[in-house]
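A.B. asks: Residue numbers (the numbering used here), protein chains in the order written: chain A, 1 to 467; chain B, 1001 to 1256.
All residues carry an ideal CB built from backbone N, CA and C; glycine is no exception.
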Amino acid sequence: MAARLSSNPSKRSSITAGLLSLILPGLGQIYARQRYRGVIVLFGAFLAVLIAFWYGVPAWYAAPAVLWLWNVWDAVGAARGKLRSAFLPLLALLVMGYGIGWQVTGIDFSALIRNLDRATSIVIPMFHPDFFSGVETTNSAWAPVEVPCGPNPPEAVNTVNGIHVAISPNCGKLNQELTVQASGLWPDTPTNIQWATPIGDILPLGKGFITDLYVTTDAQGNLDTTIHIPPSALSAAPDPTLPLEHRIYLVQSRPRPGFQLSENGGYVVQGIIQTIFLALISTTFGALGAIPISFLAARNLMGGHPLTLSIYVIVRTLLNILRSIEPLIIAIIFVVIVGLGPFAGAIAITLHTIAALGKLYSEVIEGIDPGPLEAIRAVGGNWIQMVRYAVIPQIVPPFASFTLFRWDINVRTSTIIGFVGGGGIGFYLYQWIIKGDFEAVSSSFIAIAVIVVTLDFVSARVRARLV
Amino acid sequence: MLQIEHLTKVYPNGTVALKDVTFTVQDGEFLVIIGLSGSGKSTLLRCINRLIEPTEGRVLWDGANITRASPAELRQLRRHVGMVFQQFNVVKRSSVMTNVLSGRLGYVNSFSSVLGLWSKSDRERALKALERVGIADKADNRADALSGGQQQRVGIARTLMQEPKLILADEPVASLDPVLSHSILRYLEQLNKEGITVLCSLHFLDLVHRYATRVIALKEGVKVFEGLPKEIDRAKFKEIYGEEAQEVRATTVEEG
Ligand SMILES: Nc1ncnc2c1ncn2[C@@H]1O[C@H](COP(=O)(O)OP(=O)(O)O)[C@@H](O)[C@H]1O
Ligand SMILES: [Mg+2]
Chain A
1 MAARLSSNPS KRSSITAGLL SLILPGLGQI YARQRYRGVI VLFGAFLAVL
51 IAFWYGVPAW YAAPAVLWLW NVWDAVGAAR GKLRSAFLPL LALLVMGYGI
101 GWQVTGIDFS ALIRNLDRAT SIVIPMFHPD FFSGVETTNS AWAPVEVPCG
151 PNPPEAVNTV NGIHVAISPN CGKLNQELTV QASGLWPDTP TNIQWATPIG
201 DILPLGKGFI TDLYVTTDAQ GNLDTTIHIP PSALSAAPDP TLPLEHRIYL
251 VQSRPRPGFQ LSENGGYVVQ GIIQTIFLAL ISTTFGALGA IPISFLAARN
301 LMGGHPLTLS IYVIVRTLLN ILRSIEPLII AIIFVVIVGL GPFAGAIAIT
351 LHTIAALGKL YSEVIEGIDP GPLEAIRAVG GNWIQMVRYA VIPQIVPPFA
401 SFTLFRWDIN VRTSTIIGFV GGGGIGFYLY QWIIKGDFEA VSSSFIAIAV
451 IVVTLDFVSA RVRARLV
Chain B
1001 MLQIEHLTKV YPNGTVALKD VTFTVQDGEF LVIIGLSGSG KSTLLRCINR
1051 LIEPTEGRVL WDGANITRAS PAELRQLRRH VGMVFQQFNV VKRSSVMTNV
1101 LSGRLGYVNS FSSVLGLWSK SDRERALKAL ERVGIADKAD NRADALSGGQ
1151 QQRVGIARTL MQEPKLILAD EPVASLDPVL SHSILRYLEQ LNKEGITVLC
1201 SLHFLDLVHR YATRVIALKE GVKVFEGLPK EIDRAKFKEI YGEEAQEVRA
1251 TTVEEG
């Protein structure tokens, strides 16, 4: 402990000191003229009791108990002019600290093993990134049906692409059975039969009207089956008694060689592009904002006069505060203000960039060699010439290098910003995680990794050239 | 003629760097200023072109009062006063050519110089200056690719761009290998022979004997000696540099 013992040992009764410390920890030490030590013991004991009480596990009371007993012994020692080692109470406090730490973080290693099935349900789709899909050719046709039946329903026959489709009867009411006959389809091919309402809603016709209905064509490409009009066919109709034309679609598809960007793959590409440009725009605006601020935050420029010095202190403090707020938190605030989307993320990253670059830039300015400035003044150059010929050549390359590095960091940050609605790949990623679409999650992970590694490599190369 | 009269400099922190220094420099002299480090040599040289504002006293140049000059007049005066620095003070990330051209800034207008537009005659002048100091082939190199001795030659070429009448050289060879000292000082000697007045602070006595036409010694901001180089004998040397001092030679290869 930091307390020092006076050269003249206190002539205090050790029994009184011990008793005082038994009543209130630290009191005996204070009585024995070890004021500093006494206050620390009092404070430590108070804190230990408070924490043990708060977390309520009886075992934690061991630490204050050890501290209490040690404190009596220490008070007696102090009265006799001896300093006791504080190892034991410190150890007790440390054990309590880690014990409570374990308790509050809810460490539960068995959870890692217990939920193996959940782990596999996440890990296995990870090996099938949803980025590309096979390409297919489709073959489809349709015929109209009137629901409900009107005075003279149109004929439920139609020919599309050489495929003839006929429905009978040509109108009906909900749940009524209809016969679908078609010819001219691809032979021996599963054919999806779907219901389309007048406003274009596609309803499946399989079991319970929630799964697709597939019927395989015969060797001649003919199909003959029955379906039921979906009970929800009129749920979007303004007037369910008004007869309207619905359609029955027959769709066949066949894989073709080659592959294309899958639907989610398209979102991944879109999200990544959004992320890169989000980072680019925020880095640019952040850098533009940081340049003037950095001059105000440079001590060598602002230190001369009490007024400028106070501006320097204020600007520095604001930058430090702004820099300490995670962009994620700023993004949440701006999502509330400007709404979901990349704009909120851009504001958050821009603000953080201003703070981070402002500090780095100002350090560059503080580190410039004053010699060339002196030389330009000595040849009769004016202020603007001094800036152009002595200051700018010294600061532009490091500024550019720091800015590039920031862009790199901002791309990484903006992938996370999406999680709180700040746009970019993170926005999609978050939704896929919620939906449990881990194949799409996997492809976004891969895309993020590729972009981050590439950018890291490129920016390192360019920066090496700049300095 | 340069007249320094009762020059005193007190820094804001209270350090008295110069105390009532008076002397006169005739045109065409090679005046060397000696003294221990901290004796006020740099302060004195910078008070002459007012890179440092003197606290008291005045500096007259051909009758014009430099200490009273307005900012505009001061820039006019400065462009005829070249300065060579111990640390060269070249911009390391700029090209040699740009560094040399910057010596011309007192003559050109701000607008075109800020855009980096230089007239053909200025570029030719810069190349000639580089030729004079023997590094014309380095014109397009970045300054930090040059050795210390070459960077100091860039510093001299920059000074030549000013068409100076007076050169202030603040320990121009103190950061260089002793063997390089002569090569740099000989350029200053050559310019001096062409009629340019040179004020130069130096550390090594053999260099003083070799180049100075006259010597001034400072000790704790006070002028303690003024006279010819040969007048600095052992006793004077001890007086200027203190009892412990030993004479050190810059180099034994006089003509390198
Ligand atoms: N900017 C300054 N502020 C305060 N004191 C200074 C400053 N520059 C120089 N000094 C002091 O002034 C004295 C003379 O310095 P200087 O002229 O650099 O001497 P020299 O060039 O002979 O080494 C030294 O004591 C030095 O510490
Ligand atoms: Mg000096």
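Ligand 1 and SER1175/B: does any heavy atom of the ligand fall closer than 7 Å to the residue's C-beta?
C.D. replies: By one-based count along the second sequence, residue 1175/B stands at place 175. No, ligand 1 has no heavy atom inside 7 Å of this Cβ.
A.B. asks: Which stretch, first to last residue, makes up the alpha helix (DSSP H) that contains TYR61/A?
C.D. replies: Locating residue 61/A in the first sequence gives position 61, counting from the first residue. It is not in any alpha helix (DSSP H) - TYR61/A carries neither H nor E in the DSSP assignment.
A.B. asks: Within the 8 Å Cβ cut-off, does GLY1040/B reach chain A?
C.D. replies: Residue mapping note: residue 1040/B aligns to position 40 of the second sequence, counting from 1. Chain A, which has no Cβ nearer than 8 Å to the Cβ of GLY1040/B, makes this no.
A.B. asks: Smallest Cα separation from PRO151/A: which of ALA143/A, ASN139/A and CYS171/A?
C.D. replies: Numbered from its first residue, the first sequence carries residue 151/A at position 151. Considering only alpha carbons, the answer is CYS171/A.
A.B. asks: To the nearest angstrom, how far is it from the Cα of ALA1217/B to the Cα of HIS305/A?
C.D. replies: Translated into the one-based positions of the second sequence, residue 1217/B becomes position 217. Translated into the one-based positions of the first sequence, residue 305/A becomes position 305. Cα to Cα, the separation comes out at about 36 Å.
A.B. asks: Taking Cβ positions, are GLN274/A and PRO342/A nearer each other than 8 Å?
C.D. replies: One-based indexing of the first sequence puts residue 274/A at position 274. One-based indexing of the first sequence puts residue 342/A at position 342. Yes; because the gap between Cβ atoms is below 8 Å, this pair is in contact.
A.B. asks: Looking at the structure shown, is TYR1011/B part of a helix, part of a strand, or coil, going by DSSP?
C.D. replies: For the purposes of this step, residue 1011/B is taken as the residue at position 11 of the second sequence. Residue state, collapsed to three classes: coil.
A.B. asks: Run through DSSP, which three-state label would PRO1100/B get?
C.D. replies: Numbered from its first residue, the second sequence carries residue 1100/B at position 100. The residue you asked about is not Pro; residue 1100/B is Val in the sequence shown. Of the three classes helix, strand and coil, the one that applies to VAL1100/B here is helix, per DSSP.
A.B. asks: Roughly how many angstroms lie between the CA atoms of LEU5/A and VAL336/A, to the nearest whole one?
C.D. replies: By one-based count along the first sequence, residue 5/A stands at place 5. By one-based count along the first sequence, residue 336/A stands at place 336. Caution is warranted here: a pLDDT of 48 is assigned to LEU5/A, below 50, making its placement in the model unreliable, and the coordinate value is therefore given only provisionally. Going by the C-alpha atoms only, they are around 59 Å apart.
A.B. asks: With DSSP as the reference, please indicate the residues paired to ILE248/A in a beta bridge.
C.D. replies: Looking up residue 248/A in the first sequence gives position 248. Per DSSP, ALA143/A and TRP195/A.
A.B. asks: When you measure from the CB of GLU1220/B to every non-hydrogen atom of ligand 2, does any distance come out below 7 Å?
C.D. replies: Your numbering for residue 1220/B matches position 220 in the second sequence. Outside the cutoff, so no.
A.B. asks: Just reading off the alpha helix (DSSP H) that SER1175/B is part of, what are its end residues?
C.D. replies: Taking the second sequence and counting its residues from 1, the one referred to as residue 1175/B is at position 175. No alpha helix (DSSP H) contains SER1175/B, which DSSP labels as neither H nor E.
A.B. asks: Please report how far the alpha carbon of GLN1151/B lies from the alpha carbon of LEU261/A, in whole angstroms.
C.D. replies: Working through the second sequence from its first residue, we reach residue 1151/B at position 151. Working through the first sequence from its first residue, we reach residue 261/A at position 261. Those two C-alpha atoms are separated by around 59 Å.
A.B. asks: Using 8 Å as the threshold, is the segment 342-355 of chain A in touch with the segment 387-399 of chain A, meaning 3 or more CB pairs across them?
C.D. replies: Counting Cβ pairs under 8 Å, fewer than three are found: no touch.
A.B. asks: Would you call SER1070/B buried or exposed, if buried means 16 or more other Cβ atoms sit within 10 Å of its Cβ?
C.D. replies: On the second sequence, position 70 is the one that residue 1070/B refers to. When all chains shown are included, SER1070/B counts as exposed.
A.B. asks: For HIS352/A, count neighbouring C-beta atoms within 10 Å of its own C-beta (all shown protein chains included) and say buried if the count is 16 or more, exposed if not.
C.D. replies: By 1-based counting over the first sequence, the position of residue 352/A is 352. Looking at its Cβ environment, which holds 16 or more other Cβ atoms inside 10 Å, HIS352/A is buried.
A.B. asks: What in chain A is Cβ-close to ASN1049/B, meaning under 7 Å?
C.D. replies: Along the second sequence, one-based indexing puts residue 1049/B at 49. Correct list: ALA378.
A.B. asks: Using 7 Å as the cut-off, classify the Cβ of TYR1011/B as near or not near the heavy atoms of ligand 1, replying yes or no.
C.D. replies: Counting from one through the second sequence, the residue named residue 1011/B turns up at place 11. Checking every heavy atom of ligand 1 against the Cβ of TYR1011/B, one is found closer than 7 Å.
A.B. asks: Going by other Cβ atoms of all chains shown within 10 Å of its Cβ, with 16 needed for buried, is PRO58/A buried or exposed?
C.D. replies: In the first sequence, counting from the first residue as 1, residue 58/A sits at position 58. PRO58/A should be labelled exposed.
A.B. asks: Between the segment 201-220 of chain A and the segment 102-115 of chain A, do at least 3 Cβ pairs fall closer than 8 Å?
C.D. replies: Taking 8 Å as the limit for Cβ pairs, the verdict is that the segment 102-115 of chain A does not touch the segment 201-220 of chain A.
A.B. asks: Only counting runs of 4 or more residues, tell me where the alpha helix (DSSP H) segments fall wholly within the segment 299-387 of chain A, in order along the chain.
C.D. replies: Counting whole runs of 4 or more residues, the segment 299-387 of chain A contains the alpha helix (DSSP H) stretches 299-302, 306-324, 327-338, 342-366, 370-378 and 383-386.
A.B. asks: According to DSSP, HIS228/A sits in a beta bridge with which residue or residues?
C.D. replies: Counting from 1 along the first sequence, the entry for residue 228/A is found at position 228. Per DSSP, GLU177/A.
A.B. asks: Taking GLY418/A as the reference, which of VAL268/A, ALA355/A, THR284/A and ASN175/A has the closest Cα?
C.D. replies: Position 418 of the first sequence, counting from 1, holds the residue named residue 418/A. Answer by Cα proximity: VAL268/A.
A.B. asks: Among ARG1142/B, GLY1116/B, LEU1074/B and MET1083/B, which one has its Cα closest to the Cα of GLY1155/B?
C.D. replies: Against the second sequence, residue 1155/B aligns to sequence position 155. Nearest C-alpha to GLY1155/B: MET1083/B.
A.B. asks: Does the segment 1125-1135 of chain B come close enough to the segment 1036-1052 of chain B that 3 or more CB-CB pairs lie under 8 Å?
C.D. replies: Because the criterion of three Cβ pairs below 8 Å is not met, the segment 1036-1052 of chain B and the segment 1125-1135 of chain B do not touch.
A.B. asks: With 8 Å set as the bound, which would you pick, yes or no: does the beta-carbon of VAL1021/B sit closer than that to a beta-carbon of chain A?
C.D. replies: The residue you call residue 1021/B lines up with position 21 of the second sequence. Chain A, which has no Cβ nearer than 8 Å to the Cβ of VAL1021/B, makes this no.
A.B. asks: Ignoring anything shorter than 4 residues, give me the alpha helix (DSSP H) runs that lie fully in the segment 103-134 of chain A, in order along the chain.
C.D. replies: You should have 110-114 and 116-126.
A.B. asks: Under 6 Å Cβ to Cβ from GLY134/A, same chain only, skipping five residues before and after it: list those, please.
C.D. replies: Locating residue 134/A in the first sequence gives position 134, counting from the first residue. The residues are PRO255 and PHE259.
A.B. asks: For LYS1165/B, I'd like the list of residues in its chain whose CB is within less than 6 Å of its CB, leaving aside the five on either flank, ordered along the chain.
C.D. replies: In the second sequence, counting from the first residue as 1, residue 1165/B sits at position 165. Result list for LYS1165/B: HIS1080, in chain order.
A.B. asks: Helix, strand or coil for ARG256/A per DSSP?
C.D. replies: As a working mapping, residue 256/A is identified with position 256 in the first sequence. Strand, per DSSP.
A.B. asks: Between LYS1041/B and ligand 1, is there a pair consisting of the residue's CB and a ligand heavy atom that are separated by less than 7 Å?
C.D. replies: Taking the second sequence and counting its residues from 1, one reaches residue 1041/B at position 41. Yes - ligand 1 has a heavy atom lying nearer than 7 Å to the Cβ of LYS1041/B.
A.B. asks: Would the segment 1096-1112 of chain B and the segment 1214-1232 of chain B be scored as touching if the rule is three or more Cβ pairs under 8 Å?
C.D. replies: Flag = no, the segment 1096-1112 of chain B and the segment 1214-1232 of chain B do not touch.
A.B. asks: Less than 8 Å between C-beta atoms, sequence neighbours within five positions excluded: which residues of the same chain meet that for GLY1106/B?
C.D. replies: On the second sequence, position 106 is the one that residue 1106/B refers to. The residues are ARG1075, GLN1076, ARG1078, ARG1079 and GLN1162.
A.B. asks: When every heavy atom of ligand 2 is checked, does at least one fall within less than 7 Å of the C-beta of GLY1095/B?
C.D. replies: Numbered from 1 along the second sequence, position 95 holds the residue referred to as residue 1095/B. Checking the sequence shown, residue 1095/B turns out to be Ser, not Gly. It does not: the Cβ of SER1095/B is nowhere closer than 7 Å to a heavy atom of ligand 2.
A.B. asks: Take ASP212/A and list the residues in its own chain whose beta-carbon comes closer than 7 Å to its own, dropping the five residues that flank it on each side.
C.D. replies: On the first sequence, position 212 is the one that residue 212/A refers to. Excluding residues within five positions, the ones whose Cβ falls inside 7 Å are ASN192, PRO204 and GLY206.
A.B. asks: So, do the segment 1034-1047 of chain B and the segment 1090-1099 of chain B have three or more beta carbon pairs nearer to each other than 8 Å?
C.D. replies: The answer is no - the segment 1090-1099 of chain B does not touch the segment 1034-1047 of chain B, with fewer than three Cβ pairs under 8 Å.
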